[in-house]
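Below you'll find the structure, written out as structure tokens, and then a few comments.
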Amino acid sequence: EIVFTSGATECNNISVKGVMHFYKEKKKHVITTQTEHKCVLDSCRHLQQEGYEITYLPVGSDGLVDLNELRAAIRSDTGLVSVMAVNNEIGVIQPMEEIGKICKEFNVPFHTDAAQALGKIPIDVDKWNVSLMSLSGHKVYGPKGVGALYMRRRPRIRVEPQMNGGGQERGIRSGTVPTPLVVGMGAACEIAMKEMEYDE
118 EIVFTSGATE CNNISVKGVM HFYKEKKKHV ITTQTEHKCV LDSCRHLQQE GYEITYLPVG
178 SDGLVDLNEL RAAIRSDTGL VSVMAVNNEI GVIQPMEEIG KICKEFNVPF HTDAAQALGK
238 IPIDVDKWNV SLMSLSGHKV YGPKGVGALY MRRRPRIRVE PQMNGGGQER GIRSGTVPTP
298 LVVGMGAACE IAMKEMEYDE
């Protein structure tokens, strides 16, 4: 369920554009927030230029998304909800479990950019009900230039590859996997988890 990439920016591009391109015949609507990382917002703007509709949910003075507004924004042609777990500028932690429940209720794939959450808060893809999750190695003091994209297998989430080549990573992300960087990210994640448990 893990695809290795060059970082969270690539993970986010694969998630946002890849899902919508795969389901383009039926799904034309994305929901995200106004406070997402630039690569998510730019991916959404790119989709807008292709004719997709994007709902940019505002956040309150506390930085949190309004769950009622999220619920009201979901349509029959909504193909993806993308909400970052922990904001990279203001540090707010979104109510991931509640967002995941709403997405599950409406059968809409849920993507989260969890780059800033890794090693700081407990991450549980099943509790959060995420379909896709973006992670970055250097955010936990691992090597730069490596990321990991979680893609749920059951129920299976499908994406259209954003890069063509040798078919590595099950054809989702072609290009030779940088084994030393992947090992370094794995070691950094292991240390980050131990430190998080120690701090608690």
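Under this note's numbering, think of the first position of the sequence shown as 118, with each following residue one higher.
No residue lacks a Cβ here, since even glycine has one placed at the ideal position from N, Cα and C.
The model shown is predicted, which means the values in this text are computed figures rather than measured ones.
Check	Outcome
Residues near Thr126 in its chain [Cβ-Cβ closer than 6 Å; skip 5 each side]	Cys156
Euclidean distance between Cα positions of Gln279 and Met268	15 Å
Cβ-based neighbour list, Val242, same chain, cut-off 8 Å, excluding 5 preceding and 5 following	Met250, Tyr267 and Arg269
Cβ pair Pro226, Val263 closer than 8 Å	no
Opening and closing residue of the alpha helix (DSSP H) in which Val300 lies	Thr296 to Asp316
Same chain, Cβ closer than 7 Å to Ser253, five either side skipped, listed in chain order	Gly124, Ala125, Ala232 and Gly264
Ranges of the alpha helix (DSSP H) found wholly within the region 235-270, counting only runs of at least 4	242-245
Sequence ranges, beta strand (DSSP E) only - wholly within the region 162-243, length at least 3	170-174, 195-199 and 227-230
6 Å CB neighbourhood of Glu153 in its chain, flanking five on each side removed	Met201
From Met213, Pro212, Arg192 and Asn204, residue whose alpha carbon lies closest to that of Phe223	Arg192
Boundaries (first-last residue) of the alpha helix (DSSP H) holding His154	Note, His154: premise wrong, no alpha helix (DSSP H); not H, not E.
Proximity to Val136 [Cα-Cα], best of Gln151, Thr150 and Leu164	Leu164
Lys218 to Arg188 span [Cα, whole Å]	10 Å
DSSP three-state assignment for Ile289, whether helix, strand or coil	coil
Beta-carbon contacts of Gly283 that lie in its chain and below 6 Å, excluding the five residues immediately before and after	Ser291
Contact under 8 Å by Cβ, Thr229 with Val182	no
For Thr122: DSSP bridge partner residues	Gly264
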